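Anchor point for the sequence shown: position 461 equals 452 in this note's numbering, and the numbering is continuous, going up by one each time.
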Amino acid sequence: MTSTQDHVLIFDTTLRDGEQSPGATMTHSEKLEIAQLLDEMGVDIIEAGFPIASEGDFAAVSEIAKQSENSVICGLARAQLPDIDRCWEAVKHARQPRIHTFIGTSPLHRAIPNLTQDEMVERIEQTVAHARNLCDNVQWSPMDATRTEYDYLCRVIEAAIRNGATTINIPATVGYTAPRESAELIARLIKDVPGAEDVVFATHCHNDLGMATANSLAAVEAGARQIECTINGLGERAGNTALEEVVMALRVRNDIMPFRTGIDSTKIMNISRRVASVSGFAVQFNKAIVGKNAFAHESGIHQDGMLKNAETFEIMRPEDVGLAGTSLPLGKHSGRAALRAKLEDLGFELGDNQLKDVFVRFKELADRKKEVFDDDLIALMRTSTDSEAERLKIVKLAVRCGTEGPQVADLVMEIDGTTHQTTQMGDGPVDATFNAVKALFDHEARLQLYQVHAVTEGTDAQATVSVRMEEDGRIVTGQSADTDTVVASAKAYVHALNRLLVRREKGGTDTAEVSYKVVT
Ligand code: KIV
Ligand code: ZN
């Protein structure tokens, strides 16, 4: 169904703009894993991070640069020479490195570094030329381009092109732009800016008004040939353009948008699940392409139509995005080989030791739950692939509930190898449990988010719980799944605390704190 006409480059910024959204911080090994999946699925350019932001970001970008096989590896840098040098130090290991440098050009953004229009042009000339001396592949972005005075926008873009930028990205930073404006702006810039024909124009849209995908596609129709996007639309505030949406829109509506991407769409579902899992940002059920219900047909009329001819209600096949057809659940008699095969189908490649660990946990689950569905296994994997040190461990938890409160939690927990016990009350079973954890391990971290989802249907369904906590600017997430919601909650809480302990030891704050908003 794909055409051989114009190629649109896919620039994925899940690991930079996506990871920058508060609470979506990923660990080093999670970033490497996601980068590998992006590389394998055919993403043209991976924006791997913001190297000057923290030692962790620098290390992740360098490693990703070393490991990447096919994608261009890009790092972000403010319009400052030390930022650009640091960025180059990280990306230079890549087979195909790119430096992405930017500055806010709209009146509101110009006021932050307090530069006049002329001074800003000078800064752009100096920094883009510096980046180009280091690297042949330089992307430049006028942040908040869509709210920048048009003549000035043309002037700064021309300055960047003259000094060696090879890609010009036009960010709709605050998501205010509408599709027609997005198209008109790109078309006008390509026509008016001297040198525009020698560079690739990119579109980078935020989703504050839910128009990011439409704006990106409109920009492509007007001449942009790079779409910046993230898996599941992860990103600051309402997020960025969702990779899966633009890729599938270009594929399914190739009749009216004759462009192609190099993405292997069958890898979409797997990476979507991994990103949801490591970021702690669950995908909404009715999210286009990757939502749990995107291919579900509930009503009688729909089911009847689907049985007669799938095209009645489906404009794409589930297999196109990597969703296996209905698959048989596993049960307590299923063996290790069946589990391995099923996990491979779901995109998890396990070493022997890892499989051993997962198998034990699978058996425990199968003892409590008649049928173990794909989603149960994904939830199981979500809590078993975390290699971080576990200084805190739940040994035993019993909660007394009833219509007459308060609820009481008896908790036994191991802290650095020593066992401790407490009994605490609370306003509900989860509150009592969290109070018990806090009584045994006192901390100042603030609970920012607590979310529960049922993984499958039925009263024996597993619950997945995500928590997000903050302490001194460090934000961590924790996840867990269990057929008992209170147990899942306790484990997710302790998972987050373990991550916080690792972060405390490493020192520093989140990347988000050193974000691009601080343009000096
Ligand atoms: O939204 C934005 O403007 C950005 C830039 C750094 C490209 O993310
Ligand atoms: Zn952005």
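Positions of the beta carbon are idealized from the N, C-alpha and C atoms, including for glycine. The structure displayed is predicted, hence computed values, not measured ones.
For residue i, three-class secondary structure by DSSP
i	result
G271	coil
R216	coil
N277	coil
L321	strand
P42	coil
P104	coil
H121	helix
T164	coil
S132	strand
K384	strand
H19	helix
R244	coil
L0	strand
E188	helix
R465	strand
R308	coil
V565	Look at the range of the chain in this structure, -8 to 511, and you will see that residue 565 is not part of it.
S97	coil
Residue i Cβ short of 7 Å to ligand 1 heavy atom set
i	result
L67	yes
F93	yes
P162	yes
M460	no
S457	no
M512	In the structure displayed, the chain extends from -8 to 511; residue 512 sits before or after that span and is not available.
Beta-bridge partners of residue i, as assigned by DSSP
i	result
D401	A389, T414
Q442	S457
N231	H197
A68	T92
Q87	BP columns for Q87 are empty, so no partner.
D8	For D8, which the question treats as bridged, DSSP gives no partner whatsoever.
Rounded straight-line distance, which links the Cα of residue j to that of residue i
i	j	result
V485	I247	51 Å
V52	N105	31 Å
L29	Y167	28 Å
A329	D367	15 Å
I161	G186	16 Å
E340	L67	31 Å
N426	N128	53 Å
V63	G224	21 Å
K508	D135	Low local confidence applies: a pLDDT of 36 at K508 is under 50, so the model's placement there is unreliable, and no value is given.
V443	N154	51 Å
R465	Q415	27 Å
S325	A452	19 Å
G214	L314	32 Å
Contact test: residue i Cβ vs ligand 2 heavy atom, cutoff 7 Å
i	result
H197	yes
E38	no
N231	yes
E149	no
A10	Residue identity differs from the one stated: residue 10 is Glu in this sequence, not Ala. Not so, every heavy atom of ligand 2 lies at least 7 Å from the Cβ.
E24	no
E227	yes
Proximity test, residue i beta-carbon vs ligand 4 heavy atom, cut-off 7 Å
i	result
Y141	In the structure on display, ligand 4 does not appear, and the ligands it does have are ligand 1 and ligand 2.
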